[in-house]
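S.K.:
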Amino acid sequence: LQLYSCSLDGTIKLWDFMDGIPIKTFTVGTKLLALYTLASAEDSVFVVIPKKGERDTFQLVSVELTKGVGQDLEGKELSVVLDDVGASMKHIAFGREGAYVVSVKDVNLQVYFFKRKLLNRFSLSTVKTKGGDNRFSCVVCHPKEDCIATGHADGKIRLWRNFHHKKEYTYSTLHWHHDIVMDLAFSMEGTRLLSGGVESVLVQWHNESSCQKDFLPRLGSPIEYISMSSDGVLCCTLHTDNRISIINSNLRFSRSIQGLIKSRDVKTGLVVDPRTKALVLNGEPGHLQFYSLQSDQQLFSLDIVQRQYIHQAGLKQSDLVKVAFSARGTWLATVEESEEVADPELQLKLWFYNEEIQSFELNTRINTPHDNHITDMCFRDMDELGDDSLILVTTGRDCVFKVWVMVEDTDPEAQQSVSWSCDFVGSYHNYQATNCCFSEDGSLLAVSFEETVTVWDSLTWDLKCTFCHPPGNIRNICFGRLTCSKYLIGATDYGFLCCWNLLTCALEWSAHLNVVVLQPDPLSEHIAAVSWLSKESSLFVFKPNEPRPIYIQRNLCKEKIRLAAFVPRDEPENTEKYLWLRKSQLFFLTDTQELMTLSTKSLEERLTPSSKQLAVEESLPVTPFSLLLGKHRHQQAQEDTDFGKLVVHNKQKQASPAVKELLHTPAHVLPSASFLCTIFINSLLISKENKSAEEVADEVEMESEKAEDDSDEEDVTAMEQEDTSHMELLGEMTCKLSKSQEKELRKIRKMDYSWLSAL
Amino acid sequence: MAAYKPVVVQACPKLGEKITQDTLYWRGYKTPVQIKEFGAINKIDFSPVPPYNYAVTASSRIHIYGRYSQEPIKTFSRFRDAAYCATYRDDGRLLVAGSEGGGICLFDVNGKAPLRQFEGHTKPVHLVGFLSDKYRIFSGGDDYSSNLWDIPSATEIISYSEHTDYVRCGCASKVNADVFITGSYDHTVKLFDARTKSSAMTIEHGHPVESVLLFPSGGLLVSAGGRYVKVWDVLKGGQLLVSLKNHHKTVTCLCLNSSGQRLLSGSLDRHVKIYSTTSYKVVHSFNYATSILSLALSPEDETIVVGMTNGVLNVKHRKPEEKNENSQKKRQPAYRTYVKGRTYMPKQEDFCVSKPVKRVLRKYDKLLRSFQSSKALDAVMEPPIMLHTPEVTVAVMQELHRRGTLRSALAGRDEKQVNLLLTFVARRVIEPRFTPVLVTVADMITDIYQPVVGQSEIVDKQFLKLQQAIGKEID
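Chains as they are written, first to last, in the working numbering: chain W, 1 to 759; chain P, 760 to 1234.
Following this line, the structure appears as structure tokens:
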């Protein structure tokens, strides 16, 4: 079980991926963009490197991997195979039994035959006729015949044959996709061809004919990569929103592997669900994802918009923009709007948590709650008074804020007993309302109108007082909590952080700070402010009653932090150094949708439980305090440009639930031991020869058995931890290289790996 | 992988009154029959025995109508002046009526000439009625007196002169043969017991009393006067139970339905209100053309008869119960086939494979799922959908607009379809909930079909209509 990976720092590493130990490191020296291996040439790999002296041109080279002893070796013997290739790993494919290599770039197709040392070039016309666009997007080779399938930018798929001859080549065209074909994959025997694109439909073509095709529609998000398992039983698609779907050979969706779903834009902010302590933010288009931080899993996805999402560019789809939970999590308010700027189609929805079905149910839908975009929304948090006193406030760019209350329906025949309706509409000098916030006891409501903060009595809706700190509009406001509840904090556009005393109605202090995010901790007095200055984000934590921050972390990260959230800890952490992180943990979301957190433990402490994790973490920046947890979720697109990547197997991922299942299966349900024994032994044999998906379960059994035999339980836990962290960090690939099974391995065409260092 | 999500049709809550059991019940009457009488109808009384004829007192006549007859089946016209308050006896065989002259006449319903005449009132008698022992008559006159008469001897038994104004209404207790009540313009309702020399109880209504009613149990008394209907508890000594003010003019008549669960009140404001006698809330109301003077409900609520000030008698019959037994019932599979396999309980080692639930999609959803925009629009342009559920049509149009295919779906249609589309748009564009979508649709249609304007008369006419509708709305 070994795995090759290449990275931009010019090294190829050989891993034992089961244990997560690097076996060998080959230094090549230049950036490595994609990596290919051939079963027939085991001691050399093919990599794509940038051509020296020229920008944006790349070449395919083969690298001899010397069989020297020792950890660090040099891979110096480079021989150029093809010039002027595409940087993406989808642009190169190796043909049947490694006889030839195909590369596509723009409208050119190159085929290089290794034995004959012959290079054939074919090109299509560059003219874009009638929506046609002949540029290549991806290429794959038939596993049994001399046939090349190419995907094009206009959605066509071309099947090339007879490309041994320069002139008499032929191609046939398959056309279903309306937009670029993102990836193609042949089945084991080459009878079926799978294709996918932005339509998020997996298309299966039979026998290379355009009339016989099957579809698997509505996979959720555009398909980025497709790969078949080596035995052809499973196929998996990798999506742009950081998700892997596993699909049966009969085109039935079997399951998906997902962590934090990447949405196009996190408009909802980071919200913590009081019930599950999960992080809530935009997920799939129109959905709200509940992401569990502890298990790094998506708990569930709530469909808010409830409309069919059409995967097509240029459509004005409505999406979720605001989310608010009531204090106990029984009510959820969501705002959705269409993307049209001038006349947004607004809907305010209120959801009630139904204990029976363990999910939110739509209670009230309000069309056009405001005449213009809704800027902020909050519930009145009053734990002790119960839900009857629940109030929702929305602020809009139509210069008003509206107060929504629950109304009990007196009609006994009505379907639901409560519904929401507008109770009060407030405005201030016809300024746009930008933010709203309730004080901790719920008696005061602060609404910011451009440059002014107004404070309202929540019982009578009287305007109590106003605060202003010109110039600049108010960007954020929040009330102090606990002992600091008499303070109101506001941040302005012009880089001021102000603290007003509500008792004296005067400015207590102000500081010059360009605050982007202002986030109060719900369990303590502390308020976290993230500033953005000259391309770095800094974190300041302070108490409202003193202008001196109790904690400063400069240069938190290079990217702009957009959102932050305090997530209550299950049990208070015992830390001397960071008192403010005792009760809750602070999470950040950056512009590129990376989720980060501050850890109270130092690097060494965190690494002790699994020393092997070091291998993964060594590339992390070791700053004194903020070592960012390995929750980096690089955007898929970023990965494409930086690293070549191909997902061949996902067995590792499948294994972990299967282990659980097996171990949790009660003994009395299991078949007899004699029956199991043969399977078990067979599985041992097969798993070494050919790691087919069928035997995954058996293999897992084997692994667990092994672990037990060794009576090294730590090893297992460490491995599992390793697994999860790997999942997050790398597109995991597994491939077995075993000397005794070379013949078997020849059948496996694609062996690939790359790994992604977590910068 | 998610399933296809059907188009969300914006349901609009129905404004106005909610449909309750009462609405359904009271709406179950046919269109009224109007009969013209000679003068204001001051009393309508149903015979308590089948076939439930009713006596209508108007001007100087008493007409007896049969259940479905539009012409009177019998007329008593032996009055020199106006007749008042023709009332049936409990057995439906005798009829008594007062008159302008002060006389009271007793008729046999089959005879013509009065059987008895009771003379004693000096002023018009607006109230007469039988006590529940059938042998005595009570009356009230404009001479402020309330009298009790013996039928066999045609003599006055007793005369009470306690009211200080005209006595205009009254009724007898059904449980006690000696008790009757009268209401007067002196704002009081008095309860008399024939065994005593004076009134047993006086209730202050506060307005000239136009109508009184005793519940069948005799415990509750309803009085109407001014704009108020008041309910009193007789057994508690005339304590006010509830005061209803649902009319905006004088309430002139009261009546209970056959079950005693609903109270009806008619008023000069042209409304009949129906109250629940448990909650005393208005559960339904009828509108009439002119002011209502009298009101009666036949036993089993089969007929509502309302008399107006302009002499029009409005008769509403209940619709016959609809029989839902369709002769051509779909043949259901035999019971045996139906239950086959359903009762099977899986054994422990059985592996259950559940049948996937088939989701039923509407036709337009099926077409939208396969991106057939034009056909989806066709599917919702069928007249029944357009007419009865315009929100479905609009929702599909909105969905097409969202998908960016509305223009191509609207284009390339023939004269008939364009006509249909324009009719729909012109009619619905002014409805606020459809306006945003239909304005876009109208815009696109005008854009697309601009070049062909003038080629078809029908389409041109529809364009003009659309223009008018929008113009009217803007003005």
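Backbone N, C-alpha and C define an ideal beta-carbon position, used for all residues, glycine too.
Flag this pair as yes or no: are the beta carbons of T1049(P) and R1077(P) separated by less than 9 Å?
M.R.: No, Cβ-Cβ distance for T1049(P) and R1077(P) is not below 9 Å.
S.K.: Within 9 Å of any Cβ in chain C, is that where the Cβ of L1127(P) sits?
M.R.: Checking the listed chains, one finds no chain C in this structure; the protein chains it contains are W and P.
S.K.: Taking only the alpha-carbon atoms, compute the straight-line gap between S448(W) and P274(W) and give it to the nearest angstrom.
M.R.: Going by the C-alpha atoms only, they are around 26 Å apart.
S.K.: Between which two residues does the beta strand (DSSP E) containing H175(W) stretch?
M.R.: T170 to H175 is the extent of the beta strand (DSSP E) around H175(W).
S.K.: Going by DSSP in three states, C465(W) sits in which element: helix, strand or coil?
M.R.: Note: C465(W) maps to strand in three-state DSSP.
S.K.: Chain P partners of G314(W), CB-CB under 9 Å?
M.R.: Within 9 Å Cβ-Cβ: G1163.
S.K.: Does the separation of the CB atoms of L589(W) and V266(W) fall below 9 Å?
M.R.: Going by C-beta atoms, L589(W) is nearer than 9 Å to V266(W).
S.K.: Can a CB atom of chain P be found closer than 9 Å to the CB of Q204(W)?
M.R.: It does not; no Cβ of chain P falls within 9 Å.
S.K.: From R192(W) to S221(W), what does the alpha carbon distance come to, in whole angstroms?
M.R.: One C-alpha to the other measures close to 23 Å.
S.K.: If contact is defined by three or more beta carbon pairs under 8 Å, each pair taking one atom from either stretch, is the region 184-198 of chain W in contact with the region 141-157 of chain W?
M.R.: Yes, the region 141-157 of chain W is in contact with the region 184-198 of chain W.
S.K.: Answer yes or no: do F122(W) and Q110(W) have a C-beta to C-beta separation smaller than 9 Å?
M.R.: Yes, these two residues count as a Cβ contact at 9 Å.
S.K.: Compute the Euclidean distance between the alpha carbons of G480(W) and W331(W), then round it to the nearest angstrom.
M.R.: Roughly 24 Å between the two C-alpha positions.
S.K.: Based on the DSSP output, what are the partners of N120(W) in its beta bridges?
M.R.: In DSSP, N120(W) forms a bridge with V111(W).
S.K.: Rounded to the nearest angstrom, what separates F897(P) and T846(P) at their Cα positions?
M.R.: When rounded, the distance between both Cα atoms is 11 Å.
S.K.: Is it a yes or a no for the region 1150-1165 of chain P touching the region 311-318 of chain W, going by three-plus beta-carbon pairs under 8 Å?
M.R.: In short, these stretches touch, since the Cβ pair count reaches three.
S.K.: From N248(W) to S200(W), what distance separates their C-alpha atoms?
M.R.: In a straight line, the C-alpha of N248(W) is about 17 Å away from that of S200(W).
S.K.: So if I threshold CB-CB distances at 7 Å, which residues from the region 1030-1045 of chain P count as touching chain W?
M.R.: Here the close residues number zero.
S.K.: Per DSSP, which residues does L1126(P) bridge with? Please list them.
M.R.: Partner(s): none; L1126(P) has no beta bridge.
S.K.: Give the straight-line distance between the Cα atoms of H165(W) and S229(W), rounded to the nearest whole angstrom.
M.R.: One C-alpha to the other measures close to 32 Å.
S.K.: Could you tell me whether any Cβ in chain P is nearer than 9 Å to the Cβ of E345(W)?
M.R.: At least one chain P Cβ lies under 9 Å of E345(W).
S.K.: How do the region 396-403 of chain W and the region 421-431 of chain W stand: do at least 3 beta-carbon pairs fall below 8 Å, yes or no?
M.R.: Yes, they touch.
S.K.: Hey, how far is the Cα of T1182(P) from the Cα of Q769(P)?
M.R.: Roughly 21 Å separates the two Cα atoms.
S.K.: Mind checking if V1116(P) is an interface residue toward chain W, Cβ cutoff 9 Å exclusive?
M.R.: It does not; no Cβ of chain W falls within 9 Å.
S.K.: Rounded to whole angstroms, what is the Cα-Cα separation between P544(W) and L518(W)?
M.R.: The alpha-carbon atoms of P544(W) and L518(W) are separated by roughly 12 Å.
S.K.: Tell me whether K156(W) is buried or exposed, calling it buried when 16 or more other Cβ atoms sit within 10 Å of its Cβ.
M.R.: Answer is buried; the Cβ neighbour count reaches 16.
S.K.: Can you list, in chain order, the residues of its chain whose CB lies under 6 Å from that of C864(P), leaving out five sequence neighbours each side?
M.R.: Closer than 6 Å at the Cβ level, and outside the excluded window around C864(P), lie A856, P873 and Q876.
S.K.: How would you list, in chain order, the residues of chain W whose beta-carbon sits under 9 Å from the beta-carbon of V926(P)?
M.R.: Those do not exist, as V926(P) stays about 42 Å from chain W at its closest Cβ, beyond 9 Å.
S.K.: Please confirm whether D303(W) has its beta-carbon closer than 9 Å to some beta-carbon of chain P.
M.R.: Yes, its Cβ sits closer than 9 Å to a Cβ of chain P.
S.K.: Give me the Cα-Cα distance between L1120(P) and P765(P), rounded to the nearest whole angstrom.
M.R.: Cα to Cα, L1120(P) sits roughly 7 Å from P765(P).
S.K.: If we cut at 9 Å on Cβ distances, does R218(W) have a partner in chain P?
M.R.: Yes, R218(W) counts as interfacial toward chain P.
S.K.: For E1158(P), would you say it is in contact with chain W, using Cβ-to-Cβ distances shorter than 9 Å as the test?
M.R.: Output row for E1158(P): interface = yes.
S.K.: What does a CB cutoff of less than 6 Å around C499(W) pick up in its chain, not counting 5 residues either side in sequence?
M.R.: The answer, listed in chain order, is Y487, I489, E508, W509 and P544.
S.K.: Check the DSSP bridge columns for I1189(P) and list the partner residues they point to.
M.R.: Beta-bridge pairing links I1189(P) to no other residue.
S.K.: Could you pull out every unbroken beta strand (DSSP E) segment of at least 3 residues lying fully inside the region 910-937 of chain P, listed in chain order?
M.R.: DSSP runs (the beta strand (DSSP E)) wholly in the region 910-937 of chain P: 914-919 and 926-931.
S.K.: Label C1111(P) either buried or exposed according to how many other C-beta atoms from any shown protein chain fall within 10 Å of its C-beta, with 16 as the threshold for buried.
M.R.: Label assigned to C1111(P): exposed.
S.K.: Indicate whether the contact test is met: 3 or more Cβ pairs, each with one atom in the region 345-357 of chain W and one in the region 290-301 of chain W, closer than 8 Å.
M.R.: Result no; under three Cβ-Cβ pairs closer than 8 Å.
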